[in-house]
Each structure stands twice: as C-alpha cells, then as structure tokens.
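If you read the sequences in order, they're chains A and B. Residues are numbered in our numbering as their position in the first sequence, beginning at 1, plus a constant of 19. Residues are numbered in our numbering as their position in the second sequence, beginning at 1, plus a constant of 19. For each residue, glycine too, the CB sits at the ideal point set by N, CA and C. Okay, structure first, notes after.
2 protein chains.
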Amino acid sequence: MYRSELTRVPSDTIRAALVRRLRTSSGISDDDVKEIEALPIAVRQYPAETPVVRDGERATDCCLIADGFCARSKTIPSGKRQILSIHIPGEIPDLMSLFLHVMDHDLSTLTPCTLGFIKHETLRKLHQRSPSVAELFWRDTLIDSAMFREWIVNVGQRPAPARLAHVMIELRERLRVIERLDGNSFEMPLTQEQIGEALGITAVHANRVIKQLRQEGIAELHRGRVTVLDERKFLELADFDGRYLHQSPTL
Amino acid sequence: MYRSELTRVPSDTIRAALVRRLRTSSGISDDDVKEIEALPIAVRQYPAETPVVRDGERATDCCLIADGFCARSKTIPSGKRQILSIHIPGEIPDLMSLFLHVMDHDLSTLTPCTLGFIKHETLRKLHQRSPSVAELFWRDTLIDSAMFREWIVNVGQRPAPARLAHVMIELRERLRVIERLDGNSFEMPLTQEQIGEALGITAVHANRVIKQLRQEGIAELHRGRVTVLDERKFLELADFDGRYLHQSPTL
DNA sequence: TCCCGGTTCCAACAAAAGTTAAGGACGCCA
DNA sequence: TGGCGTCCTTAACTTTTGTTGGAACCGGGA
Chain A
20 MYRSELTRVP SDTIRAALVR RLRTSSGISD DDVKEIEALP IAVRQYPAET
70 PVVRDGERAT DCCLIADGFC ARSKTIPSGK RQILSIHIPG EIPDLMSLFL
120 HVMDHDLSTL TPCTLGFIKH ETLRKLHQRS PSVAELFWRD TLIDSAMFRE
170 WIVNVGQRPA PARLAHVMIE LRERLRVIER LDGNSFEMPL TQEQIGEALG
220 ITAVHANRVI KQLRQEGIAE LHRGRVTVLD ERKFLELADF DGRYLHQSPT
270 L
Chain B
20 MYRSELTRVP SDTIRAALVR RLRTSSGISD DDVKEIEALP IAVRQYPAET
70 PVVRDGERAT DCCLIADGFC ARSKTIPSGK RQILSIHIPG EIPDLMSLFL
120 HVMDHDLSTL TPCTLGFIKH ETLRKLHQRS PSVAELFWRD TLIDSAMFRE
170 WIVNVGQRPA PARLAHVMIE LRERLRVIER LDGNSFEMPL TQEQIGEALG
220 ITAVHANRVI KQLRQEGIAE LHRGRVTVLD ERKFLELADF DGRYLHQSPT
270 L
C-alpha cells in the first residue's frame with residue numbers, strides 16, 4: 020500500500036493539529052488549550068491497513084491521529100464494505116465511543132499511522148472540570164455528523180464522477196486547515212478498491228471514473244496523491260459547498 | 020398528502036415520548052426526568068409538507084416532535100433532494116443546531132405535526148445545571164449520527180429492494196419504543212417520490228421496488244402504512260442489525 | 001356530483017453501473 | 001535480478017436504474 024510520509028513525530032506536535040483544528044472550527048480559549056495540552060496520551064505506531072477498533076467492540080480509549088490517514092467503515096453480511104469517512108491528523112475519529120459504548124463500525128488505518136490514545140475516563144473527568152471543553156468536543160462530534168449527512172447526499176444523489184470530485188475536495192479543505200496541501204496537489208491514500216467503497220461503486224467503475232477525470236483534464240490521481248488540473252472544472256463538477264464542514268466558530 | 024392521526028395533544032403528553040425514548044436508550048434518573056418535564060416548551064401546529072428550519076438559517080430553538088412525522092433533507096443545485104432521516108414523536112431532530120449555528124440541511128414536516136420549541140438558551144442553562152442531562156442529549160446526537168452512518172451503508176451498498184426494507188424496519192423499531200406499532204403494520208407517511216429521495220433512486224424505480232415487495236409477498240405499502248406480509252423474508256431482505264440504534268443504555 | 005391535482009402505476013427505451021476475466025505495471029523481497 | 005503479489009487498466013457483456021410519457025386512481029373542493 021501507499022506509504023504516508025511518516026517520520027518520528029515529536030511529542031509536542033501530537034496535539035498540534037488537534038488544537039489547530041479546534042481553533043479553526045470552534046475557537047478555543049487559552050485555558051482550554053492548556054487542558055488539552057496536559058492530556059495524557061499513549062502514543063502507538065500502526066502499520067497500514069490495520070484495524071484500530073472493530074465493530075462490536077467496547078472501546079476504553081479515544082484515538083487521536085497524530086500522523087497518517089484512517090478510515091471508518093461498515094461491512095454488511097454480503098461482504099460489501101462501505102467507507103463512511105476518511106480521517107487525517109488532528110482528528111479523533113472515535114470520539115463517539117465516549118457515549119456510544121459498543122462500536123457500530125470499524126476504524127482502521129489506511130497508511131502507517133501514529134496514534135495517540137486518550138482514556139475515556141480522562142476525557143470524562145476533563146468534561147466535568149471544564150464544560151467549555153466538553154462543548155468543544157460535543158461540537159466536534161456534531162461536525163462529524165454533518166459530514167455524514169453530506170456523504171449520504173454524495174452517495175445518494177450525485178453521479179459517480181461528481182462523487183469522486185466531492186470526496187476529493189472535502190479532503191482537501193480539511194487538509195488545508197492542518198497545512199497539508201502541496202500546491203495544487205494533496206495526499207489521498209486510497210486504492211481504487213477503497214475509492215469504490217467510499218463512493219458506493221465497484222472498483223472497476225471507480226477506475227473508469229478516475230480515467231474520465233484524467234482524460235477531461237480535471238484532476239489526476241496517482242499513487243495516493245491528487246493533482247488538480249483545472250480548478251474551475253473541478254469545483255463545478257464536485258458541486259461543493261463547504262458550509263457543512265463548519266470550519267468557523269460562527270457557522 | 021397522507022394524514023397523520025392527529026388529535027389534540029394534551030400538554031402533559033408532549034414530553035412523554037421523549038422521556039420514553041431517553042429511558043430506553045440511555046437510562047435516565049428521576050431528577051433528570053423532572054428537569055425535562057419542567058422545560059418550557061412552546062407548542063405549535065404545522066401542516067403537512069412544511070419547512071420547520073431551512074438550510075442556511077440560524078436556529079434559536081430546538082424542535083421536539085410531539086405528534087406527526089418529520090424528515091431532514093438536503094437539496095443540491097441540480098435540484099435533486101436527498102432525505103437523510105425520518106423523525107417520529109419524542110425526537111428532537113435539530114438538537115445539533117445547539118452547537119452548529121447555521122443549519123446545513125432542511126427540517127420539514129411530512130404529515131401535520133404538533134411541534135414543541137425549546138429555546139437554545141434554556142437548554143444551555145440546563146446543561147450547565149445538570150451535566151447528566153447534557154450527556155443524555157449528547158448521546159442522543161451521537162445516536163443520530165450512528166443512524167446516518169447506517170443510512171450511508173444503505174444507500175451505498177444495498178440493492179434497492181433491501182434499501183427499502185431496511186428503512187422500513189429501522190422506522191418500525193423506533194416506533195416500537197414509543198408504542199406506535201399496530202400489529203404487523205405501522206405508519207410510514209412518505210409518497211413514492213419521497214421514498215425515492217430517501218433511497219437515492221427515482222420515484223419510478225421506487226414504484227418498481229414497492230411492487231416487487233408486494234408481489235413477492237414480503238411487505239405492502241399502502242397510503243402511508245406498511246404491512247409486513249412475511250416477517251422472515253422481510254428481515255432477511257433488509258439485512259437489519261439494530262445495534263446501531265443503541266436502544267439500550269449498555270450499547 | 002364532477003372536476004382537478006397529486007399520486008400511483010406501468011411500458012419502452014436509454015444510460016449508468018456491475019460482473020467477469022485477463023493482461024500489464026510496479027514495488028518488494030528472496 | 002527474477003519472481004510474486006498487489007494494484008491498475010481495459011474489454012465485453014449483463015443487470016440495474018434512469019427517462020419519458022402516459023393512463024388509471026383517489027380524495028377534496030366547487
């Protein structure tokens with residue numbers, strides 16, 4: 020699989036992307052930043068394509084992505100898998116496990132990852148101590164929820180090429196906040212199989228759609244990296260309105 | 020449109036379905052029940068097919084359904100509409116507006132509704148006074164989120180007949196909690212157009228699928244009411260695992 | 001009562017997406 | 001450096017779903 024540019028992550032940068040994200044989407048007081056920076060976090064390395072928490076499990080920790088990409092997914096009895104969301108550094112994809120005790124989906128790595136684990140217990144205590152941090156995290160889970168709503172629209176209503184473009188732009192706008200864009204290109208470390216699972220189409224069809232975007236000079240996807248060829252066409256195709264990301268405290 | 024059996028709802032039953040729901044999914048202390056029963060609620064009647072809050076608006080209240088059915092949806096520029104969820108009495112479909120200030124989707128009635136409005140301000144004060152009620156509501160928004168995840172799977176991975184059966188069973192299991200089942204039948208007041216919008220298919224195809232369920236003796240849908248004809252086939256087709264509804268405090 | 005508008009239902013055809021199968025590219029490792 | 005496994009790519013064919021257009025049904029209001 021694709022390799023994320025994983026270097027040793029110094030301990031003080033583990034929380035950096037999280038704080039940057041919270042600052043962008045919610046505003047956050049200095050006291051709250053201190054609380055978050057004081058949070059005890061157990062850091063562990065995960066290889067690519069590895070489950071972190073599984074559907075049906077009872078989680079005792081929440082998982083902060085320090086580096087690498089993760090995805091959440093559900094697999095139905097027929098064996099088909101649906102990817103529900105893609106996650107990037109600074110996010111806590113399983114924050115919901117704090118109150119939803121049994122996992123109703125899988126969380127797994129896409130690339131090799133550095134993950135920080137925070138005990139539920141610790142978070143619960145923090146919430147009691149600081150209602151403002153609790154609100155911050157609550158809002159974070161609500162933004163997560165808003166992203167699911169848009170994902171439903173994507174899979175339910177847009178033609179396949181627009182679906183792909185939309186997922187690409189959503190990822191880009193989130194990577195922008197944590198300063199992970201590289202000119203007109205950015206990482207999207209999914210195989211075509213996984214892209215299919217994200218868009219609700221087969222891998223073969225995903226391939227057709229990727230080819231189409233390339234041939235029409237809209238965007239290129241090569242070895243887990245998206246390069247935008249024509250920004251105007253790209254935006255138009257994706258039908259993207261980023262309001263649902265709530266990337267501003269006023270939204 | 021279909022008419023919900025809307026009778027005058029006495030003031031003391033407005034909170035009843037909410038309390039029953041919270042009791043089922045989260046457990047709830049007597050003190051919390053008292054807090055909720057003391058909540059000032061402004062009751063209003065809405066006709067069928069009427070917007071309650073619109074995409075882009077800033078809400079100042081949350082809306083508790085006392086009677087009738089509502090739906091949340093998003094409409095994209097091409098004019099296509101996706102229904103994201105169906106809501107029943109006792110639910111607060113726009114609880115998320117407490118922290119997501121600008122609506123990213125529409126909430127509208129399906130049938131004539133009795134709605135109770137609770138000021139954001141009131142809820143925020145309640146949260147400060149009672150962290151346990153805050154957790155209760157937080158968990159409620161997380162269950163909402165879990166339902167979106169399953170909806171993504173439904174639209175993304177299941178064949179159209181299974182999608183329909185799945186939505187039907189989900190609705191049934193939620194109606195069960197508030198004791199709104201009637202033997203082997205229950206209300207599902209959507210037009211075929213709306214069913215299509217919920218499943219990510221066209222109304223014509225929705226019609227084909229409904230016809231198929233009827234012809235195969237699985238379930239019948241007539242005038243906004245589902246009648247299950249063969250429970251075994253119905254469950255098998257729907258591929259339903261209700262864990263994601265978290266209808267127990269231990270889940 | 002009859003008409004009207006919104007549903008429901010259906011058929012014929014078109015387009016999108018799934019299935020199957022197979023060859024080619026590429027990185028990894030022995 | 002050669003072989004292996006994974007991923008990418010494509011073609012041919014099938015199935016599902018969308019589109020268009022029209023008929024039948026049904027309830028409510030004039």
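For residue i, which residues of its own chain have a beta-carbon under 7 Å away from its beta-carbon, when the five flanking residues on both sides are left out?
i: T69 of chain B; result: S127, T128
i: F156 of chain B; result: L114
i: R11 of chain B; result: No answer is possible for residue 11 of chain B: the residues shown for chain B start at 20 and end at 270.
i: L142 of chain A; result: C81, L117
i: L270 of chain B; result: R262
i: R39 of chain B; result: G109, V196, I197
i: I137 of chain B; result: L58, I60, D80, C81, L83
i: L256 of chain A; result: P180, A181, A184, I237
i: D51 of chain A; result: S149, S151, V152, L155
i: N203 of chain A; result: T246, V247
Between the Cα of residue i and the Cα atoms of the options, which residue gives the shortest distance?
i: S48 of chain A; options: A:G109, A:V72, A:V152; result: A:V152
i: H139 of chain A; options: A:A222, A:L161, A:T210, A:I111; result: A:I111
i: A35 of chain A; options: A:D50, A:E56, A:D51, A:G46; result: A:E56
i: I107 of chain A; options: A:I171, A:L209, A:R242; result: A:L209
i: I214 of chain A; options: A:A61, A:Q147, A:S104, A:V52; result: A:S104
i: L240 of chain B; options: B:R251, B:K252, B:E250, B:N226; result: B:N226
i: R262 of chain B; options: A:I95, A:L145, A:S267; result: A:I95
i: H124 of chain B; options: A:M166, A:D125, A:K99; result: A:M166
i: V72 of chain B; options: B:V62, B:L58, B:A90, B:L145; result: B:A90
i: A67 of chain B; options: B:K99, B:F88, B:L37, B:S267; result: B:F88
i: T207 of chain B; options: B:G98, B:R242, B:A222, B:R42; result: Contrary to the premise, residue 207 of chain B reads as Met rather than Thr in this sequence. Of B:G98, B:R242, B:A222, B:R42, the residue nearest in Cα terms is B:R242.
i: P268 of chain A; options: A:S44, A:L37, A:I33, A:D31; result: A:S44
i: L264 of chain A; options: A:R233, A:E169, A:L145, A:G175; result: A:E169
i: K230 of chain A; options: A:L218, A:E216, A:S164, A:Q211; result: A:Q211
i: L145 of chain A; options: A:L194, A:G175, A:K53, A:L232; result: A:K53
i: L41 of chain A; options: A:Q64, A:R193, A:I188, A:E189; result: A:R193
I'd like the list of long-range same chain contacts for residue i, defined as Cβ closer than 8 Å, with 5 residues on each side in sequence excluded.
i: R27 of chain A; result: Residue placement at R27 of chain A is poorly supported in this model, since its pLDDT is 49, which falls under 50; the coordinates are not used for a value here.
i: I220 of chain A; result: A179, R182, V228
i: V121 of chain A; result: G75, E76, R77
i: K252 of chain A; result: E235, G236, I237
i: K93 of chain A; result: D74, R100, Q101, L103, D123, H124, D125
Could you give the first and the last residue of the continuous beta strand (DSSP E) run that contains residue i?
i: G236 of chain B; result: No beta strand (DSSP E) holds G236 of chain B; DSSP gives it neither H nor E.
i: E206 of chain A; result: 204-206
i: L119 of chain A; result: Segment: none, L119 of chain A is in no beta strand (DSSP E) and carries neither H nor E.
i: I105 of chain B; result: 100-106
i: L126 of chain A; result: 125-128
i: A61 of chain B; result: 61-65
i: P70 of chain B; result: 70-72
i: F136 of chain B; result: 132-138
i: A217 of chain A; result: No beta strand (DSSP E) holds A217 of chain A; the alpha helix (DSSP H) holding it covers 211-218.
i: L83 of chain B; result: 80-86
i: R77 of chain B; result: Taken as a continuous stretch (DSSP letters only), R77 of chain B belongs to no beta strand (DSSP E), as it is neither H nor E.
i: R244 of chain A; result: 244-247
Residues in its own chain within less than 6 Å of residue i by CB, not counting five upstream and five downstream?
i: N173 of chain B; result: R182, H185
i: R191 of chain A; result: F205
i: D249 of chain B; result: G236, I237
i: V62 of chain A; result: G135
i: G46 of chain B; result: P268
Could you pull the start and end residues of the alpha helix (DSSP H) that residue i belongs to?
i: S44 of chain B; result: 35-45
i: D51 of chain B; result: 49-56
i: V93 of chain B; result: Here residue 93 of chain B is Lys; the residue named in the question, Val, does not match the sequence. First-last for K93 of chain B: 89-94, but that is the beta strand (DSSP E), not the alpha helix (DSSP H).
i: A153 of chain A; result: 150-176
i: L254 of chain B; result: 250-257
i: R193 of chain A; result: 179-196
What are the residues of the region 118-134 of chain B that lie near chain A, defined by any Cβ-Cβ distance shorter than 8 Å? F118, L119, H120, V121, D123, H124
With 8 Å as the C-beta to C-beta threshold (strictly closer), list the residues of the region 154-181 of chain A near chain B in chain order. E154, W157, R158, T160, L161, I162, D163, S164, A165, F167, R168, E169, W170, I171, V172, V174, G175, Q176, R177
Report yes or no: do the region 131-149 of chain B and the region 192-201 of chain B share at least 3 C-beta pairs separated by less than 8 Å? no
For the pair the region 71-84 of chain A and the region 157-166 of chain A, tell me if three or more CB-CB distances fall below 8 Å. no
Chain A contacts made by the region 223-254 of chain B, where a contact means CB separation under 9 Å: none
In the region 257-269 of chain B, which residues sit with their C-beta less than 8 Å from some C-beta in chain A, listed in chain order? D258, R262, Y263, H265, T269
Determine which residues of the region 63-75 of chain A have a Cβ less than 9 Å from any Cβ of chain B, and write them out in chain order. Going along the region 63-75 of chain A in chain order, one finds D74, G75 with a Cβ nearer than 9 Å to chain B.
Given a limit of 8 Å on CB to CB distance, which residues of the region 92-118 of chain A reach chain B? K93, I95, P96, S97, K99, R100, Q101, L103, M115, F118
Closer than 7 Å between beta carbons: that is the criterion. Which residues of the region 195-215 of chain A meet it against chain B? Within the region 195-215 of chain A, no residue qualifies.
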